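Numbering (my numbering), first residue to last: 405 to 664.
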């Protein structure tokens, strides 16, 4: 849903935690609000107050079009979506997320406690603060479970060019996709499939992305990574994209030119 009279919010990176009580911010799962919980509309209003309080808000283009200086973007409407979640400590919250309506750019997210309405976290302008917190809770994002990958993307990056999703009926099963990917990488790169398993760590997700056309397809993205002791990064070494509808290998190769 597009907003009306909303501020642009992106001149600076801000991570603000202002909980009224010690509350875990780790998201356990999506949930369904009860009659006793904070209403969705009130959560949105509280999140908007966080944005409107910024001194650098800009609305030069009128009621519903704004400039996003951090990204060099002008005259874009803002989109929002609200998700009710259970946190790891058993409490509940609304996560209100924002993005330009027609661009794959993270704009911000505000976590509002339910039923109390306290602002637990406001991340505006850059996604990196969220990623760092989730990695502190779950480890490197390359190795999150399918469920955690899909949850993160539903909460924060649903407008991205590539979005993690969960398998559905009709999708190639994960183990079958992995077997196809191993074989394709072995043939394309001259490496034994057994070596991939023994010397590299698997990074695998099912995602919606555009490979063959502008329309998004369901694709198993299979990567094998290796820890770089100098940088501490898990470098991308081998990869394959497998179409989830029929198991076709769209592409497979190595990453000799970079670390991924």
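We put the beta carbon where it would ideally sit given N, CA and C, even for glycine. Remember, predicted model here, so these are calculated numbers, not experimental data.
Extent of the continuous beta strand (DSSP E) run through residue 591: As a first step, residue 591 must be located in the chain shown, where it is residue number 187. That residue, residue 591, is in no beta strand (DSSP E); its alpha helix (DSSP H) goes 578-593.
Can you give me the Cβ contacts of residue 562 inside the same chain, cut-off strictly under 7 Å, excluding the 5 residues immediately before and after it? The residue given as residue 562 occupies position 158 in the chain shown. Counting only Cβ-Cβ distances below 7 Å, and skipping sequence neighbours, we find 485.
To the nearest angstrom, how far is the alpha carbon of residue 737 from that of residue 600? There is no way to answer for residue 737, as the model of the chain reaches only from 405 to 664.
Should residue 450 and residue 527 be called a contact, given that it needs their Cβ atoms to be closer than 8 Å? Here residue 450 refers to the residue found at position 46 when the chain shown is read from its first residue. Here residue 527 refers to the residue found at position 123 when the chain shown is read from its first residue. Against a cut-off of 8 Å, the Cβ pair of residue 527 and residue 450 comes out as no contact.
C-alpha distance - residue 448 paired with residue 622, whole-angstrom precision: Working through the chain shown from its first residue, we reach residue 448 at position 44. Working through the chain shown from its first residue, we reach residue 622 at position 218. The straight-line gap from Cα to Cα measures roughly 31 Å.
N- and C-terminal bounds of the beta strand (DSSP E) containing residue 644: Start at 1 with the first residue of the chain shown, and residue 644 comes out as number 240. Residue 644 -> beta strand (DSSP E) spans 638-647.
Compute the distance between the beta-carbons of residue 505 and residue 482, then report whether it is under 8 Å. As a working note, residue 505 is residue 101 in the chain shown. As a working note, residue 482 is residue 78 in the chain shown. In contact: residue 505 and residue 482 (Cβ atoms closer than 8 Å).
Per DSSP, which one or two residues make a beta bridge with residue 516? Counted from its first residue, the chain shown places residue 516 at position 112. Note: residue 516 sits in a beta bridge opposite 498, 523.
In the structure shown, what three-state DSSP assignment does residue 550 receive? Taking the first residue of the chain shown as 1, we reach residue 550 at position 146. It is helical.
Please return the same chain residues whose Cβ sits closer than 6 Å to the Cβ of residue 665, not counting the five positions on each side in sequence. Here the chain has residues from 405 to 664 only, and residue 665 is not among them.
Which residues DSSP lists as bridging residue 436, in chain order: Start at 1 with the first residue of the chain shown, and residue 436 comes out as number 32. Beta-bridge pairing links residue 436 to no other residue.
Residue 656 in three-state terms, based on DSSP: Counted from its first residue, the chain shown places residue 656 at position 252. Strand.
Counting along the chain, where does the beta strand (DSSP E) carrying residue 483 start and finish? Numbered from its first residue, the chain shown carries residue 483 at position 79. Note, residue 483: beta strand (DSSP E), 482-491.
Less than 8 Å separating the beta-carbons of residue 572 and residue 651? Against the chain shown, residue 572 aligns to sequence position 168. Against the chain shown, residue 651 aligns to sequence position 247. Contact: no.
Helix, strand or coil for residue 459, going by three-state DSSP, please let me know. Locating residue 459 in the chain shown gives position 55, counting from the first residue. Legend: pLDDT at residue 459 = 46, less than 50; position of this residue unreliable, value from coordinates given subsequently. Residue state, collapsed to three classes: coil.
Please state the DSSP three-state secondary structure of residue 651. Here residue 651 is taken as the residue at index 247 of the chain shown, counted from 1. Three-state DSSP puts residue 651 in coil, outside helix and strand.
Mind checking residue 648: buried by the 16 CB within 10 Å criterion, or exposed? Locating residue 648 in the chain shown gives position 244, counting from the first residue. Classification for residue 648: buried.
From 590, 604, 602, 620, residue whose alpha carbon lies closest to that of residue 610: The count along the chain shown starts at 1 and reaches residue 610 at position 206. Ranking 590, 604, 602, 620 by Cα distance to residue 610 puts 620 first.
Who does residue 565 pair with in a DSSP beta bridge? Here the question's residue 565 lines up with position 161 in the chain shown. Answer is none; residue 565 lacks a bridge partner.
Give the straight-line distance between the Cα atoms of residue 544 and residue 603, rounded to the nearest whole angstrom. Counted from its first residue, the chain shown places residue 544 at position 140. Counted from its first residue, the chain shown places residue 603 at position 199. C-alpha separation (whole angstroms): 18 Å.
Leaving out five residues on either side along the sequence, give the residues of the same chain with a beta carbon under 6 Å from the beta carbon of residue 568. Locating residue 568 in the chain shown gives position 164, counting from the first residue. If we look at residue 568 and ignore the five residues flanking it on each side, its Cβ neighbours are 553, 554, 557, 609, 611.
Residue 631 burial status per 10 Å Cβ neighbour count (16 or more: buried): Walking along the chain shown from the start, residue 631 turns up at place 227. Residue 631 should be labelled exposed.
Among the residues of its own chain, which have a CB less than 6 Å from the CB of residue 531, if the five just before and after it don't count? What you label residue 531 is simply residue 127 of the chain shown in a count that begins at 1. Within the same chain, residue 531 has close Cβ partners 510.
Helix, strand or coil: how does DSSP classify residue 426 here? Position 22 of the chain shown holds residue 426. Note that residue 426 has pLDDT 47, beneath the 50 cutoff, so the model's placement of it is unreliable and the number below is only indicative. If DSSP states are grouped into helix, strand and coil, residue 426 belongs with coil.
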